[in-house]
Amino acid sequence: MPELPIGEAVEKFTQFLQDHLGGAFDVFAAVLMKLVGAVYTVLVAPHPLLLIAVFAALAWLAGRRVPLVVFTVLAFLLVASMRLWVQTMQTLAVVLVAAVIAVAIGVPLGVWAARSSRVSMVIRPVLDFMQTLPVFVYLIPAVFLFGIGVVPGVVATTAFAVPPAVRLTQLGIRQVDAEVVEAAVAFGSRPWQVLREVQLPLALPSIMAGINQVIMMALSMVVIAGMVGAQGLGSVVVQSVTQLDIGKGFEGGLAVVILAIYLDRLTSAAGARDLTRGRARRRAARSDAPARHDRVRESVTTA
Amino acid sequence: MTGESPREGTVIEAKGLTKVYGMPRDKAVSALRQADERRRDAIREAGGFLAVDDVGFSVSAGEIFVIMGLSGSGKSTVLRMLNRLVEPTSGSLRIDGADLAALPQDELRRLRNRKINMVFQHFALLPHRTVRENAAYGLKVRQTPVKERMERADWALRRVGLEQWADSYPHELSGGMKQRVGLARALATDAEILLMDEPFSALDPLIRRDMQELLLQLQSEDRRTIVFVTHDLNEAMRIGDRIMVMRDGRVVQCATANEIVSAPADDYVTEFVADVDRSRVLTAGNVLRPPLVTARCGESPAEVLNRLENVEMNGIFVLDEAGRILGVATDEALAGALRDGGATIESCLAGDYHAVSPDTPIVEFCDMAGRHTVPIAVVDADRRLLGVAPRAAILAALAAPKKVRHA
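Line by line, the protein sequences are chains A and B. Start counting the first sequence at 1; every next residue gets the next number (our numbering). Start counting the second sequence at 304; every next residue gets the next number (our numbering).
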């Protein structure tokens, strides 16, 4: 059996990147650092109670459901009273930045893959690879290229969170009724008009599901990123594991769970909002529908 | 319906349209060079599918041209080649004399937006836009100012009877109403040519009739050129000026509804025709016979009565010099006149007959057959007698010519 030095090759490649593009990576790391820092500053600047109010307001806007609002208030009060507020906000900052970057990369890629089966064919195995590679493996080159701290955490988190955005965007656009797309073309739309006015709006529920998945993936990764020195709930968990501190570990874990549930409900409620709005209107329409139907029939027969 | 088709000028002219799916164009074109009967097999062997094979037709301005066939006959593909939603593999297509294949993309989009619009089988409305916005879609693509666009959309919705629904969303409408929006969307752009891809097939029969009537009514108002695809021959006969019957990608027959029913090109068409309501398609002209006997004014009652007895009939049309019907003389009236002596035939005339024009569908007069002593008279615009429609001829025409049986 011939030995294939794949590991060696990857090592050499990473070394090559560091030697020749080290400057670029430094700049990139600095920008990312600033970005996370800015988000973090915004999150910790107001009093926790004020921010909890904002979270609750967002929850209300997304779903207009009281239980979600109540949960949001109670859960974040719990986080604050566990003295994990700052760490939770650090984690949230990393998740937000990583998710935004992942969506910014993933959605256009998904659109591209939906429009070209060749692109889709190339992208698919890459996505499979990215999703199934053990998450720790991302951390090693990230640390190598960006050093210890929050930046490799964000990079690894982003890399891990991109696939669902690509997949669900592609799926959503492919599922758009072909006849509706055809109609847009038949009325003289340009390809980008078809995309903007027909495909993207109709694929929105699927894309929103993708964004929800991105955030969940990012959150699951961000804890692991604590191992490379990213501040936040990850480092709380990692520290308590090394110190065998059951209580602290549980508190850290609980804060992660609260953040996860909140972000999940928030994004999925926002994704489903269009549907529920439509349903409500349909119900309203049904109540006076018979009369209006008759009117239409009438105007036709008299015409 | 089956009246004279306007022929003011050819709008669409298709020659040798052919579409091969599933293989590269150059390969398909070389496979198509095979002899006529071998090309289908040649394409199949090469892994392709010959969807449309050498289809040619022309459509005149203001005509409703129906393409009819079962699923897989290539009718929808032909329709989509008319606005290049499907690119023909070979063949030429001219719209108002301009070669469609030579149009660059932006010209093609302009043509689709301004000249050729389309109505779809499953309505193809944008679910996230209101009915008004849907109706205005073509104008939005055209970048018409919002206010004008919405006014035009409201106008189009009024024409299809949906003005009260302008602010609703498509999912709140029934199927027939959705297709009215589809129609309004095409009306709003004021395109001269309308491509309709089985527009009423997804609707239930009563609504379908309503929609057919609406289409005919709209058509009587603006005379667009319409290419209409359907698999329903009754629908084709109802609305089509001419009908092109397709099978396996080829044209089987292209003729008026009347010609198709009275002279189907082959067994395939005959079988289709078997299900058609013949009384609505066939007209008095199809059952026209020369009258056995007629009388002229000025003839003596004795002479006429004698002629009637020879053919064993009870009544006779009396015509003037120009051949116009003056009235009917029954044998009783003639005999009475003879008894009184010296009376002219004019004194025996009565109005007991029914006259129709040659293009009147049989359904409109078959109940009158046999009511009078004379058969139904078929007359021209000047009421000159062209011939008669005897009851036996009407019954023979309504009976299907022959039943094609398949094991």
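Note that the Cβ used here is the ideal one computed from N, Cα and C, for glycine as well.
In or out: THR91(A) buried (at least 16 other Cβ within 10 Å) or exposed?
-> Taking the first sequence and counting its residues from 1, the one referred to as residue 91(A) is at position 91. With 16 or more Cβ atoms within 10 Å of its Cβ, THR91(A) is classed as buried.
Please name the residue or residues paired with ARG83(A) in a DSSP beta bridge.
-> Within the first sequence, residue 83(A) is the residue found at index 83, counting from 1. Looking at the DSSP assignment, ARG83(A) forms no beta bridge with any residue, so it has no partner.
Got a sec, what are the start and stop residues for the beta strand (DSSP E) SER393(B) sits in?
-> Your numbering for residue 393(B) matches position 90 in the second sequence. Looking at the DSSP string, the run of the beta strand (DSSP E) that includes SER393(B) is 393-398.
If LEU233(A) and VAL256(A) are in contact, beta carbons under 8 Å, what's the gap, nearest whole angstrom?
-> Taking the first sequence and counting its residues from 1, one reaches residue 233(A) at position 233. Taking the first sequence and counting its residues from 1, one reaches residue 256(A) at position 256. Rounded, the Cβ-Cβ distance is 5 Å, consistent with contact.
Beta strand (DSSP E) containing LEU353(B): first to last residue?
-> If you number the second sequence from 1, residue 353(B) lands on position 50. Looking at the DSSP string, the run of the beta strand (DSSP E) that includes LEU353(B) is 352-363.
Count the other CB atoms within 10 Å of the CB of GLN482(B); is the residue buried (16 or more) or exposed (fewer)?
-> The residue you call residue 482(B) lines up with position 179 of the second sequence. When all chains shown are included, GLN482(B) counts as buried.
Which word fits ASP19(A), buried or exposed, when buried means at least 16 other C-beta atoms lie within 10 angstroms of its C-beta?
-> Taking the first sequence and counting its residues from 1, one reaches residue 19(A) at position 19. That one is exposed.
Over the uninterrupted alpha helix (DSSP H) stretch that includes GLU410(B), give me the two end residues.
-> Reading the second sequence from its first residue, position 107 is the one you call residue 410(B). According to the DSSP assignment, GLU410(B) belongs to the alpha helix (DSSP H) that extends over 408-417.
Which residues does DSSP pair with LYS12(A) in a beta bridge?
-> Against the first sequence, residue 12(A) aligns to sequence position 12. Answer is none; LYS12(A) lacks a bridge partner.
Return the residues of the region 187-205 of chain A that lie within a Cβ-Cβ distance of less than 9 Å from chain B, sorted by chain order.
-> PHE187, GLY188, SER189, ARG190, GLN193, GLU197, VAL198, PRO201, LEU202 and LEU204
Just by C-beta distance, which residues in the region 172-186 of chain A are closer than 8 Å to chain B?
-> ASP177, GLU179, VAL180, GLU182, ALA183, ALA184, VAL185 and ALA186
Do we get a CB-CB distance below 8 Å when we pair TYR440(B) with the residues of chain A?
-> As a working note, residue 440(B) is residue 137 in the second sequence. Judged by the 8 Å Cβ criterion, TYR440(B) is in contact with chain A.
Return the residue from the list CYS651(B), ALA653(B), ARG674(B) and VAL682(B) that minimises the CA-CA distance to ASP662(B).
-> In the second sequence, counting from the first residue as 1, residue 662(B) sits at position 359. Here the closest residue by C-alpha is VAL682(B).
Among GLU538(B), GLY485(B) and ASN386(B), which one has its Cα closest to the Cα of PRO508(B)?
-> Counted from its first residue, the second sequence places residue 508(B) at position 205. Checked all of GLU538(B), GLY485(B) and ASN386(B); the closest Cα to PRO508(B) is GLU538(B).
Note down, in chain order, each residue of its chain lying with its Cβ closer than 7 Å to the Cβ of LEU382(B), except the 5 sequence neighbours on either side.
-> Taking the first residue of the second sequence as 1, we reach residue 382(B) at position 79. The residues are ILE370, LEU498, ASP500, VAL530 and VAL532.
Is HIS425(B) buried or exposed, if buried means 16 or more other CB atoms sit within 10 Å of its CB?
-> What you label residue 425(B) is simply residue 122 of the second sequence in a count that begins at 1. Classification for HIS425(B): buried.
Grouping DSSP H, G and I as helix and E and B as strand, with all else coil, what is ALA699(B)?
-> Residue numbering aside, residue 699(B) sits at position 396 when the second sequence is read from its first letter. Collapsing the DSSP output to three states places ALA699(B) in a helix.
Who are the near neighbours of LEU518(B) in its chain, counting only those whose CB is closer than 7 Å to its CB and skipping five residues on each side?
-> Start at 1 with the first residue of the second sequence, and residue 518(B) comes out as number 215. ILE542, listed in sequence order.
Leaving out five residues on either side along the sequence, give the residues of the same chain with a beta carbon under 7 Å from the beta carbon of GLY278(A).
-> On the first sequence, position 278 is the one that residue 278(A) refers to. Unreliable positioning characterises GLY278(A) in this predicted model, as indicated by a pLDDT of 46, which lies under 50. A coordinate reading is not provided.
Return the Cβ separation of ALA487(B) and ALA459(B) in integer angstroms, given the expectation that the two are a contact with Cβ distance under 8 Å.
-> Along the second sequence, read from residue 1 onward, the residue named residue 487(B) stands at position 184. Along the second sequence, read from residue 1 onward, the residue named residue 459(B) stands at position 156. Contact flag correct, Cβ pair sits at about 4 Å.
Where ARG412(B) and ILE510(B) are concerned, what is the direct C-alpha to C-alpha distance, given to the nearest angstrom?
-> In the second sequence, the residue the question calls residue 412(B) occupies position 109. In the second sequence, the residue the question calls residue 510(B) occupies position 207. Approximately 33 Å, taken between the alpha carbons.
Which residues bound the beta strand (DSSP E) around ALA640(B)?
-> For this step, residue 640(B) is matched to residue 337 along the second sequence. Run containing ALA640(B): none in the beta strand (DSSP E); it sits in the alpha helix (DSSP H), 634-643.
Name, going along the chain, the residues of the region 599-620 of chain B whose beta-carbon falls closer than 9 Å to a beta-carbon of chain A.
-> Hits within the stretch: zero.
Are at least three pairs of beta-carbons, each pair with one atom in the region 107-118 of chain A and one in the region 41-57 of chain A, less than 8 Å apart?
-> no
Cβ of ILE315(B) within 8 Å of any chain A Cβ = Along the second sequence, read from residue 1 onward, the residue named residue 315(B) stands at position 12. ILE315(B) does not count as touching chain A.
Taking only beta-carbon atoms, is ALA291(B) less than 8 Å away from chain A?
-> It is not possible to answer for residue 291(B), since the shown part of chain B is limited to 304 through 710.
Report the rounded CA-to-CA distance for VAL137(A) versus GLY153(A), giving the unit in angstroms.
-> Walking along the first sequence from the start, residue 137(A) turns up at place 137. Walking along the first sequence from the start, residue 153(A) turns up at place 153. Between VAL137(A) and GLY153(A), the C-alpha separation is close to 12 Å.
How should GLY312(B) be labelled, buried or exposed, when 16 other C-beta atoms within 10 angstroms of its C-beta is the threshold for buried?
-> To locate residue 312(B), count along the second sequence from 1; it is residue 9. Exposed, by the Cβ-count rule.
Going along chain A in order, which residues have a C-beta closer than 9 Å to the C-beta of PHE423(B)?
-> Within the second sequence, the letter at position 120 stands for residue 423(B). Within 9 Å Cβ-Cβ: GLU179, VAL180, GLU182, ALA183 and ALA186.
What residue from ARG674(B), LEU595(B), ARG627(B) and PRO604(B) has the CA that sits closest to VAL614(B)'s CA?
-> For the purposes of this step, residue 614(B) is taken as residue 311 along the second sequence, with counting starting at 1. With distances taken between Cα atoms, VAL614(B) lies closest to LEU595(B).
From the DSSP output, in three-state form, read off ASN420(B) for me.
-> Your numbering for residue 420(B) matches position 117 in the second sequence. Strand, per DSSP.
Grab me the residues of ALA494(B)'s own chain with a C-beta within less than 7 Å of its C-beta, minus the 5 sequence neighbours each way, in chain order.
-> Mapped onto the second sequence, residue 494(B) falls at position 191. Excluding sequence neighbours, ALA494(B) sits near ARG417, LYS418, ILE419 and ASN420.
Which residues bound the beta strand (DSSP E) around THR647(B)?
-> Numbered from 1 along the second sequence, position 344 holds the residue referred to as residue 647(B). No beta strand (DSSP E) contains THR647(B), which DSSP labels as neither H nor E.
Under 8 Å, do ALA102(A) and VAL214(A) count as touching if we go by C-beta distance?
-> Taking the first sequence and counting its residues from 1, one reaches residue 102(A) at position 102. Taking the first sequence and counting its residues from 1, one reaches residue 214(A) at position 214. Taking 8 Å as the Cβ cut-off, ALA102(A) and VAL214(A) qualify as a contacting pair.
Hey, would you say VAL155(A) sits closer than 8 Å to ALA165(A), going by beta carbons?
-> Sequence index remark: in the first sequence, residue 155(A) carries index 155 (1-based). Sequence index remark: in the first sequence, residue 165(A) carries index 165 (1-based). It is not a contact, given that the beta carbons lie outside the stated cut-off.
Any chain A beta carbon closer than 8 Å to ARG541(B) | Here the question's residue 541(B) lines up with position 238 in the second sequence. Closer than 8 Å: no.
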